[in-house]
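For reference, the structure discussed in these notes is given below.
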Ligand SMILES: [Zn+2]
């Protein structure tokens, strides 16, 4: 396991590309963005695209904006309406377990002038999907990823709104295969490749006893349906300079709520992944046990690249934030899936990458006095 020489991203991150100097693609991408991109020209091009979709007389929506109630989505909606003069319809996929602050931020969106369509999967089916995600795929929020990326396409098709505006391109912002960087389009292939861990809805029907009739909210529209309306998805982050700090400051000024308890478990900042009880803590922790890094690493890397944090400070403090079992909402999670703490912890162990965490001579995971894993390769 090696770490980027400029930020603290490890090479265990899926799709992470390092160059011969040991610098990750996301750091290179940031440097490229500040030097070689003419943002004025990009914005102008964006306005030209928008003009083709604009509903001048206001009789209908002219773009769909997926919203979680998080900072990014609030910023996207605000920017599209008030900076680019569009008339958006917000689409919210209701998460596994909405937090109070997440609910407040969805209210905030309505307060600042947005209509929202909520898409909520039936609880019985959804819970079974969370079960599959947690026990089979090692990601408790697997159905949430699918819903977040599928619901906007379904609504776009059903409401006949051809344009979907996404926020940042995660591959662009966090680094990924160079091929997907210049291509700001999100489609089913992207969804399956980057969000679904290679497990498809059809696999649920084939392997896990699900029925198609219960999965309607999770089924991505067909190519023919999308073509019929001409649905196109664009990443706003491809057209305007994406600065997390600037965005959060602006949103807070307007009334967006950051987490009242400070950062969620495993995180460094207090404004990301606030909307779902599990997508923050437990989802991030499951990533940690598979890949050896958590949400604080992601967030600190962004701070380092933006010049707001030194690499030394990140190396020194990242362990204070991530790598601990996120106990806060675990009792809720156990109750939700109706499983015991022993089953829960055993499943975490099952998904823990032994190459990244210490084991004893019998191959059993070594844990500290709080039951947390010990990294074989601390950040250096
Ligand atoms: Zn880096």
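In the numbering used here, the protein residues as written are 383 to 762. Using N, Cα and C, we set each Cβ at its ideal position, and we do this for glycine too. Quick caveat: nothing in here was measured; it's all calculated off a predicted structure.
Using a 10 angstroms sphere on the CB of residue 443, the tally of other CB atoms reaches 16 or more, which defines it as buried.
Placement of the Cβ of residue 409 at a distance of less than 6 angstroms from at least one heavy atom of ligand 1 is found.
Assignment of beta-bridge partners to residue 615 by DSSP yields 546. Short note on residue 391: C-beta closer than 6 angstroms to some heavy atom of ligand 1. Counting only runs of 4+ residues, the alpha helix (DSSP H) found wholly inside the region 607 to 659 occupies 626 to 636, in chain order.
Partner residues in a beta bridge of residue 491, as assigned by DSSP, do not exist. Put simply, the region 532 to 551 does not touch the region 480 to 490. Fewer than three CB pairs are less than 8 angstroms apart. Taking non-hydrogen atoms of ligand 1 into account, the C-beta of residue 388 is found less than 6 angstroms away from one of them.
In the displayed model, residue 737 falls within coil according to three-state DSSP, outside both helix and strand. Excluding its 5 nearest sequence neighbours in each direction, residue 682 has C-beta neighbours in its own chain below 7 angstroms: 390, 650, 691, 696 and 700, listed in chain order.
The beta carbons of residue 657 and residue 451 sit about 4 angstroms from each other, so the pair counts as a contact at 8 angstroms.
Positions of the beta strand (DSSP E) runs, each at least 3 residues long and wholly inside the region 496 to 534, are given as 497 to 501 in order along the chain.
By the criterion of a C-beta distance shorter than 7 angstroms, residue 708 is surrounded in its chain by 647, 648, 663, 664 and 667, once the five residues flanking it on both sides are discounted. For residue 661, DSSP records no beta bridge to any residue.
Its chain contains 586 as the residues whose beta carbon lies nearer than 6 angstroms to that of residue 592, once the 5 sequence neighbours on both sides are disregarded; these appear in chain order.
Sixteen is the threshold: when 16 or more other Cβ atoms of the shown chains lie within 10 Å of the Cβ of residue 411, as they do, the residue is buried. Counting C-beta atoms within 10 angstroms of its own C-beta, residue 522 has 16 or more neighbours from the protein chains shown and is therefore classed as buried. When rounded, the separation of the alpha-carbon atoms in residue 484 and residue 459 is 16 angstroms.
Closest option to residue 616, judged by alpha-carbon separation, among 421, 438, 465 and 447: 447. Remark: C-beta atoms of residue 481 and residue 669 do not approach each other more closely than 7 angstroms.
Non-local beta-carbon contacts of residue 401 in its own chain, meaning distances under 7 angstroms to residues more than five positions away in sequence, involve 410 in chain order.
Residue range 453 to 460 is occupied by the alpha helix (DSSP H) that includes residue 457.
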